[in-house]
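Down below is the structure, laid out as C-alpha cells.
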Amino acid sequence: MSVPRVRVVTLNAALGPLDYRVPDGWQVEPGSVVVAPLGPRQLAGVVWEPERLPSEEVGDNRLRYLVSQLDVPPIPAPLRRLCEWTADYYLSPLAAVLRMVLPSSAALEGSRQLIEYRLTGLSPDRMTPQRLKALAALEGKQGTIRELAAIAEVSDAVLRGLVHAGAIEQVAVEADRPLKTPDPDFARPELTDEQAEAAASLTGAIGRGFDPVLLDGVTGSGKTEVYFEAIAECLRTGKQALVLLPEIALTEPFLKRFHARFGCAPVAWHSDLRSSQRRRAWRAIASGEAKVVVGARSALFLPYRDLGLIVVDEAHEPSFKQEEGVQYHARDVAVIRGKFEDIPVILSSATPAIETRHMVELGRYRELKLEARFAGASLPEIRAIDLTQDPPERGRWLAPSLVAELEANIDAGEQSLLFLNRRGFAPLTLCRHCGHRFQCPNCTAWMVEHRLMRRLACHHCGHVMPPPKACPECGEEDSLVACGPGVERIADEVAALFPDARTAIVTSDTIWSPAKAAEFVAAMETGEIDIVVGTQLVTKGYHFPNLTLVGVVDADLGLAGGDLRAAERSFQQIQQVAGRAGRGDKPGRVLVQTHDPEAGVIAALVSGDIAGFYGSETEARRDAAMPPFGRLAAIIISAEDAGEAEAVARRIGNAAPRVEGMAVFGPAPAPLAMLRGRHRQRLLVHAARSLDVQDVIRDWLAELDWGSKVRVAVDVDPYSF
Ligand code: ADP
Ligand code: ZN
C-alpha cells in the first residue's frame, strides 16, 4: 500500500510542484491551502491535481509530511485553471501566478492576529531626533509596528521604545465586524431609453454563462450607471461582482457613487491597504462575504468564492498591463477568467482598444453602444490650434488663442483644464555652456526637474538629486537651462498670465492617494479651482459639470517615437481628456495645440471621424501583420554588466529556431537600454496569429542557460516596445 500523498504548488517561484505526505486524518483536496516544509523553512502552497502537473518521482520513504492546513476555503477549480492558463500563456512559473492568489500577508499571516498601534497624544519624557521624526510622521496613522516603522522611516526599536514610553499604544482589536451588503435597490436611477436597453441586455446575461461584452459609450453617456444595473442583478442572485479600475486615485469618486447607488461601500483591493485590511478583504472575498470588490488589476486573481460578474472599467487603459513579474494584461485575463467561471465580462470604454474592437468584429464579443451623453449634454467641439500659425510668445507654451479662451472662461466663472502628459517642471536640464545634459546614472533617461519638490528625479527608477547650482561638467554657474515644459511650468505660465486665477496641479505627485483625490474633487465641486493643469490622471473618470474648456498643450507629444500604438494611444488620450469638457448643461470646447494639424490623429479628432480613424489604423495593422492580426513577444535580457547581457542575448539570438510564420529581430538594445542599473538587450519575436509562439519560445529557451547574473524575461503581447 502506498502512503497518501499530494502534489503541492508552493509560493517559491524557483521550484516546481512537490509531493508531500498527508498526515493521518487530514482532509485535503485539490485547492486546499497548506503549509509545507522546504529544507529548514516552511512555505504556503496549494494542493493541485497531480495529473495536471508533472513532478519529480519521489519514493514514499523520502516524502515529508505537510506541516499544517490553513483555515481558509480551498482555491476553487476555475481559479486553478486560470492560474494554469496564465502561467502557460505568459510563460511564467505557476508559483508566481499563485502568489497573486495568495498575497503573503493575506494568506500566510491569515491565522495570526495582527496587532495595530497608534499615537496616544502623550509626549515621551525623553525626546530624541528619531522619536520626534516618528511622532511627526505618525499623526493620524494606524498599523502594525512594521508598517508604522516603514511610514516614519525609523527602526522598529524606536517605535517599541515609544510604546514603552507611553507615546504609542496598542489599538483595541475589534472582532471583524460583518460587512454591510450592498442593496441592489437602494437608489435606482431612472435610466434613459438607450441606457435602459443596454442595462436590460446586461442584466439578462447574469447567470447565463460566459458572455464578453464591450460597453462602448461616449464619455458621459452613463456607462457606469448601466453596468451598476448588471451589478445589482448579480447581487440579487447572491453572487459576487468584481470591478477593475485602472488607477487607485480614481477609486474615491467611484466609491462615492457606489455608495449613493447601493447604500454602502464595496470592498476595495489595492496596494495601499494595511496588512490587517488586506487580510480582512482577502478572507471576505474567499468566504463570499464581500459581495462587490473594486480594485486595481491585482484584484483579478483573488479567490472569489462565487463570482457572477467582472467589469473592467476604462478597459482601454494601458495600466491594466502589468510590466513586472508575471507580465499579464488584466483586460485580457479578465475575459479568460470569465470563461473559466462561465460568467459575463463587461469591458467599458469610450475609446476601446483596436484589439477589443477586433474581437467584436470577429463576433467573439458583443457590443452595446451608448450614443448620447446623459441629460442632453452635447459632445464638445474639438478645434486644432496650428502652432506654426499662432505661436506662443518666446519662452511660453500657450498659444494666444488658447490664452484668450482661458481668459474668457475665467470671466464666465467656468473651469478650465490644461492637459500635458508630463510631470514636473521640465523634462531636461541642459548646460548652455558645454552642452551637458543631466542623465540618470541608472537608466537611459533624462533627469526631470521637479521644482515644487526642489529636485531632479528619474521617472523610471526614482533616482533623485538636488537641483544643481553649477554644471558638473564645465563648472559654469548660471548656465543651466530647463528645456521643454512639464505641468509645473505650465502652471507657472498660467500664474503669470492670470495672477488671480486659482490653479491646481493634478499628477501622481500631487494626487497619490484616494484621500488626495477626494480633496481635489471637493475643491472642484465647490468652485475653489479655476484652472487645472494635469497629466493623464485627469483624463478619466471625473465628472465636473462646470468644466467647459480643455486645452491640450502638446498633441504631438505622444506621436513621437513611432511606437505601434502611438497614434491609437494619442487618440484615446485626447478623446478622454476632451470628454471632461461640457459634461453639464454648458457646452464644452476643446483646443488642441499641434504643429501638424493635418496629421491623421488630429484631423480625425477635429472632424469627429472616429470610425475612419479606427478603420485606417486597423488596416495599417492588418497590412503589417501587427496585433491583433499577428503576434509579438519581446525577450528581454538584462544584466548589470553590459557585455554579459550582450553575450547572452547573442547566444539566445543564434539559437532562434527557424519556424514558418515567425521572424526574430535583434538582439538590439531595448528601448530603455539601461533600467535601474541593468543593461537591457531585446529580441523581438513577430509571429503569425495561428502560431503557438509560447510553445516555440518555451522550447527555444529551455535549451539554454545563462547563470544567475543575467535575467531573461518574456513579455508576451508587449504593450509598448
Ligand atoms: P460614463 O461612465 O459613460 O462617462 P457616467 O456613468 O459617469 O458616464 O455618467 C455621467 C454623469 O451622468 C454622472 O454624473 C452620472 O451620475 C450621470 N448620469 C448618467 N446617467 C444617469 C441617469 N440615468 N440618471 C441620473 N444620472 C445619470
Ligand atoms: Zn533612473
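Note that the sequence shown ends on residue 722 in the working numbering; no numbers are left out. Ideal placement from N, C-alpha and C gives every residue a C-beta, glycine not left out.
Output the distance between the C-alpha atoms of G40 and V539, rounded to the nearest integer angstrom. 50 Å
Counted within 10 angstroms of its Cβ, other Cβ atoms place N410 as buried (16 or more) or exposed: buried
Could you tell me how far apart the beta carbons of F545 and R584 are, in whole angstroms, since I believe they sit closer than 8 Å? 7 Å
For D186 and R262, what's the separation of their Cα atoms in angstroms? 8 Å
According to DSSP, is F259 part of a helix, a strand, or is it coil? helix
Give the range of the beta strand (DSSP E) segment to which W707 is assigned. Segment: none, W707 is in no beta strand (DSSP E) and carries neither H nor E.
As assigned by DSSP and simplified to three states, the class of C235: helix
Strictly by DSSP, which residues pair up with C484? L429
Contact under 8 Å by Cβ, S349 with V312: yes
For L692 and E195, the rounded distance between their alpha carbons: 41 Å
Tell me which residue opens and which closes the alpha helix (DSSP H) that S56 is part of. That residue, S56, is in no alpha helix (DSSP H); it is neither H nor E in DSSP.
Which of the three DSSP states is assigned to H359 in this structure? helix
Where R423 and G296 are concerned, what is the direct C-alpha to C-alpha distance, given to the nearest angstrom? 26 Å
Tell whether a beta-carbon distance below 8 Å holds between H515 and E253. First, the amino acid is wrong: residue 515 is Pro here, not His. Going by C-beta atoms, P515 is nearer than 8 Å to E253.
Pick out the complete beta strand (DSSP E) segments inside the segment 339-396, 3 residues or longer, and give them in chain order. 345-350, 367-371 and 382-387
Is the distance from the Cβ of L431 to the Cβ of D555 below 8 Å? no
Taking 7 Å as the line, does the beta carbon of F375 fall inside it for any heavy atom of the ligand ADP? yes
Within its chain, find whatever has a CB closer than 6 Å to the CB of I532; leave out the 5 residues flanking it on each side and keep chain order. S417, V495, A502 and T504
Contact set for R119: own chain, Cβ-Cβ below 6 Å, skip 5 residues either direction: Q143 and V172
Under 8 Å: do the segment 456-472 and the segment 702-716 share three or more Cβ pairs, one atom per stretch? no
Does the CB of S33 have a neighbour CB from chain B at under 8 Å? The chain inventory of the structure shown lacks chain B, comprising one protein chain alone.
Give the single residue among R581, S571 and P588 whose Cα lies nearest to the Cα of A604. S571
Please state whether DSSP places Y21 in a helix, a strand or coil. strand
Using only the alpha-carbon positions, how far apart do A688 and D700 sit? 16 Å
For the alpha helix (DSSP H) containing W701, name the first residue and the last one. V694 to A703
Do you know how far the Cα of V68 is from the Cα of Q43? 8 Å
Chain-order list of residues whose beta-carbon lies under 8 Å from that of K710 (same chain, five-residue window excluded): A640, E641, D642 and E645
Which runs of the alpha helix (DSSP H) at least 4 residues long sit entirely within the segment 271-327? Give them in chain order. 276-288
Does the Cβ-Cβ distance between H437 and L676 come in under 8 Å? no
Between which two residues does the alpha helix (DSSP H) holding V522 run? P515 to E526
Looking at V449: is its Cβ nearer than 8 Å to the Cβ of G487? yes
Secondary structure of Y66, DSSP reduced to three states: strand
Taking 7 Å as the line, does the beta carbon of A671 fall inside it for any heavy atom of the ligand ZN? no
Taking 7 Å as the cut-off, does the CB of A446 come closer than this to any heavy atom belonging to the ligand ZN? yes
What is the rounded straight-line gap between the Cα of A714 and the Cα of V10? 21 Å
Which stretch, first to last residue, makes up the beta strand (DSSP E) that contains E30? Per DSSP, E30 belongs to no beta strand (DSSP E) and is neither H nor E.
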